[in-house]
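**Student:**
Protein chains: 2
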Amino acid sequence: MTPSTPGPGASVPVPAAAAGGPISHAIFRLARLHRMYAGQLLRRIGLHPGQELVMMHLWELGAQRQTDLVRLMDSDAATMTRTVQRLEQAGFVRRRPSPTDKRASLIEPTAASHALRREVEQSWSQLEDLVAAGLTAEERTAALETLERLEQNLVAASTEPANAEGEE
Amino acid sequence: MTPSTPGPGASVPVPAAAAGGPISHAIFRLARLHRMYAGQLLRRIGLHPGQELVMMHLWELGAQRQTDLVRLMDSDAATMTRTVQRLEQAGFVRRRPSPTDKRASLIEPTAASHALRREVEQSWSQLEDLVAAGLTAEERTAALETLERLEQNLVAASTEPANAEGEE
DNA sequence: CACAGTTACCTGCTCGAACAAGTAAATATC
DNA sequence: GATATTTACTTGTTCGAGCAGGTAACTGTG
Numbered sequence: 001m002t003p004s005t006p007g008p009g010a011s012v013p014v015p016a017a018a019a020g021g022p023i024s025h026a027i028f029r030l031a032r033l034h035r036m037y038a039g040q041l042l043r044r045i046g047l048h049p050g051q052e053l054v055m056m057h058l059w060e061l062g063a064q065r066q067t068d069l070v071r072l073m074d075s076d077a078a079t080m081t082r083t084v085q086r087l088e089q090a091g092f093v094r095r096r097p098s099p100t101d102k103r104a105s106l107i108e109p110t111a112a113s114h115a116l117r118r119e120v121e122q123s124w125s126q127l128e129d130l131v132a133a134g135l136t137a138e139e140r141t142a143a144l145e146t147l148e149r150l151e152q153n154l155v156a157a158s159t160e161p162a163n164a165e166g167e168e
Numbered sequence: 001m002t003p004s005t006p007g008p009g010a011s012v013p014v015p016a017a018a019a020g021g022p023i024s025h026a027i028f029r030l031a032r033l034h035r036m037y038a039g040q041l042l043r044r045i046g047l048h049p050g051q052e053l054v055m056m057h058l059w060e061l062g063a064q065r066q067t068d069l070v071r072l073m074d075s076d077a078a079t080m081t082r083t084v085q086r087l088e089q090a091g092f093v094r095r096r097p098s099p100t101d102k103r104a105s106l107i108e109p110t111a112a113s114h115a116l117r118r119e120v121e122q123s124w125s126q127l128e129d130l131v132a133a134g135l136t137a138e139e140r141t142a143a144l145e146t147l148e149r150l151e152q153n154l155v156a157a158s159t160e161p162a163n164a165e166g167e168e
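If you read the sequences in order, they're chains A and B. Everything in the first sequence is counted per the numbering used here, starting at 1 for the first residue and increasing by one. Everything in the second sequence is counted per the numbering used here, starting at 1 for the first residue and increasing by one.
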């Protein structure tokens, strides 16, 4: 029945497993599919998942220190190091020592990279159209609110728990 | 400001970045947080993300061939091989050659693993409470429907595109 | 100025995700 | 029954994610 693999860059098999909390699992499955699609779109333009976010920050804000990128994306410093290394090697960013801080290096997008920006934005746009296909403007807003509410629940849980050792 | 690392299993920094399509990015952020929490809960009980799904399938269905697990989780065969190897090494599963098919091996949960099941279920339950905190039953249902609708959009997109070779 | 403490970055490691390729066994076809 | 194809699984590789160090540079304090 399954038509088998149609070839690279076109197969996104249907999900299957379901267990755990319904919402948790729905998030899991949705995120999985979403990641798959994003990955496919990104690969076409020569980026790996995650790299496009770094680039977008750089294109929007200009040269940044790695630490800034880490903060902006709330990612891991070690991951950022290697991601930047690969972006550099791919010719999308350049590293320049910070004039004010010898520890830091400024990451800036190369001229060559700017051609990518449109493609990244198009990919994002495509993905958004896919995931929100058939939704009215109101439904999109509602969906967004739902997602953000769930997100806020998790954010809140990370700050509240307050098994915290005394701050103060 | 940031109280520094409170210790393992307690720090989930707030997200930050936002870009791309609003819904896409909301999914991305939500999934990220969700994954973080799931990872923390799982680590406490000695599992890595993904392993718990394998175990749940085994506990529910009994011994399965790797291929079955791959199909159930719609995951990669290579990933499954290594995941099972690690679960085996951790003593949670055992591998037995299939009596009927010399290529296949049956994966079955060990007796020792059953103690884990409660913990996995508790972790899932905890996570579900976290993510759906403060939602009424109706809101949970609505959220679930929203998530599933978005998921269905992606699933549909994977089957429709119909650059497909005829499925006849 | 010397010291401790912090910050910025890098490396090593484990593990999941995905793709490519390869082996062995089962099955289909001639 | 020999050959081709499919199936089950393994290994190799790249890359993101996260944790655990480790080094150099900055900063604050005495």
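We treat Cβ as the ideally placed atom computed from N, Cα and C, and that holds for glycine. Small disclaimer: the values here were computed from a predicted structure and weren't measured.
Taking the alpha-carbon of G39(A) as reference, which of F28(B), L53(B), R35(B) has the nearest alpha-carbon?
**Tutor:** Of F28(B), L53(B), R35(B), the residue nearest in Cα terms is F28(B).
**Student:** Taking CB distances under 7 Å as the criterion, tell me whether V70(A) reaches chain B.
**Tutor:** V70(A) does not count as touching chain B.
**Student:** Starting from V93(A), follow its DSSP beta bridges and name the residues at the other end.
**Tutor:** In the DSSP output, where bridge partners are listed per residue, V93(A) has P109(A).
**Student:** Give the DSSP-derived three-state secondary structure of R65(B) in the structure shown.
**Tutor:** Here R65(B) sits in strand by DSSP.
**Student:** Grab me the residues of A133(B)'s own chain with a C-beta within less than 8 Å of its C-beta, minus the 5 sequence neighbours each way, in chain order.
**Tutor:** Nothing listed; no residue qualifies.
**Student:** Quick check on the DSSP output: the alpha helix (DSSP H) that includes H25(A) runs from which residue to which?
**Tutor:** Residues 22 to 44.
**Student:** Identify, in the order they occur along the chain, each residue of the same chain with its Cβ nearer than 7 Å to the Cβ of L42(A), setting aside the five sequence neighbours on each side.
**Tutor:** The residues are H48, P49, E52, S123.
**Student:** Taking only three categories from DSSP, how would you classify D129(B)?
**Tutor:** Three-state DSSP puts D129(B) in a helix.
**Student:** Can you confirm whether the stretch 152 to 159 of chain A touches the stretch 53 to 66 of chain B when touching is taken to mean that 3 or more C-beta pairs between the two stretches lie within less than 8 Å?
**Tutor:** Verdict: no, contact absent.
**Student:** In three-state DSSP terms, what is H57(A)?
**Tutor:** Helix.
**Student:** By Cβ distance below 7 Å, which residues in the same chain neighbour A137(A) in space, the five residues on each side in sequence not counted?
**Tutor:** Once the five neighbours on either side are set aside, A137(A) has no close Cβ partner at all.
**Student:** Can you tell me which of Q152(A), T81(A), D101(A) puts its alpha carbon nearest to the alpha carbon of R94(A)?
**Tutor:** It is T81(A).
**Student:** With distances taken from CA atoms, which of T146(B), L130(B), E148(B), T110(B) is nearest H34(B)?
**Tutor:** Ranking T146(B), L130(B), E148(B), T110(B) by Cα distance to H34(B) puts L130(B) first.
**Student:** Helix or strand or just coil, what does DSSP make of L47(A)?
**Tutor:** The answer is coil: DSSP assigns L47(A) none of H, G, I, E or B.
**Student:** Can you check whether the C-beta of H34(A) is within less than 7 Å of a C-beta belonging to chain B?
**Tutor:** Yes, contact with chain B.
**Student:** So, helix, strand or coil for T136(A), using DSSP?
**Tutor:** Coil at T136(A), not helix or strand.
**Student:** Can you give me the Cβ contacts of A104(A) inside the same chain, cut-off strictly under 6 Å, excluding the 5 residues immediately before and after it?
**Tutor:** R65, S98.
**Student:** Mark G9(A) as exposed unless 16 or more other C-beta atoms lie within 10 angstroms of its C-beta, in which case mark it buried.
**Tutor:** Legend: pLDDT at G9(A) = 39, less than 50; position of this residue unreliable, value from coordinates given subsequently. Its Cβ having fewer than 16 others within 10 Å, G9(A) is exposed.
**Student:** For A112(B), I'd like the list of residues in its chain whose CB is within less than 8 Å of its CB, leaving aside the five on either flank, ordered along the chain.
**Tutor:** Counting only Cβ-Cβ distances below 8 Å, and skipping sequence neighbours, we find G91, F92.
**Student:** Using a Cβ-Cβ distance cut-off of 7 Å, determine whether H114(A) contacts chain B.
**Tutor:** Answer no: the Cβ-Cβ gap between H114(A) and chain B never drops below 7 Å.
**Student:** At a Cβ cut of 8 Å, what residues of the stretch 132 to 162 of chain B count as close to chain A, listed as they run along the chain?
**Tutor:** Result list: A132, A133, G134, L135, R140, A142, A143, L144, T146, L147, E148, R149, L150, E151, N153, L154, V155, A156, A157, S158, T159, P161.
**Student:** Which residues in chain B sit within 7 Å of L130(A), going by Cβ to Cβ distance?
**Tutor:** Neighbours of L130(A) on chain B, chain order: N153, L154, A157.
**Student:** Strictly below 7 Å CB to CB, what residues from chain A border R29(B)?
**Tutor:** Neighbours of R29(B) on chain A, chain order: E151.
**Student:** My guess is that I45(A) and L69(A) are in contact by the Cβ rule of under 8 Å, so how many angstroms apart are they, rounded?
**Tutor:** About 20 Å separates the two Cβ atoms, so there is no contact after all.
**Student:** Using the beta-carbon of each residue, which ones in chain B are nearer than 7 Å to P22(A)?
**Tutor:** Within 7 Å Cβ-Cβ: L144.
**Student:** Below 8 Å on the Cβ atoms is my guess for E145(A) versus L30(B); work out the distance and round it to an integer in Å.
**Tutor:** Not quite, the Cβ-Cβ distance comes to about 12 Å (not below 8 Å), so this is no contact.
**Student:** Please confirm if L61(B) has its CB atom under 7 Å from at least one CB of chain A.
**Tutor:** It does not; no Cβ of chain A falls within 7 Å.
**Student:** Find out if the Cβ-Cβ distance for the pair P109(B), L72(B) is shorter than 7 Å.
**Tutor:** Their beta carbons are not under 7 Å apart, which means P109(B) does not touch L72(B) by this criterion.
**Student:** Please go through the same chain and pick out, in chain order, the residues whose beta-carbon is closer than 8 Å to the beta-carbon of I23(B), but skip the five residues on each side of it.
**Tutor:** So the list reads L150, once near-sequence residues are dropped.
**Student:** At least one CB of chain A closer than 7 Å to the CB of L41(B): is that the case?
**Tutor:** So, not an interface residue.
**Student:** Give the DSSP-derived three-state secondary structure of S98(A) in the structure shown.
**Tutor:** S98(A) falls in the coil class under three-state DSSP.
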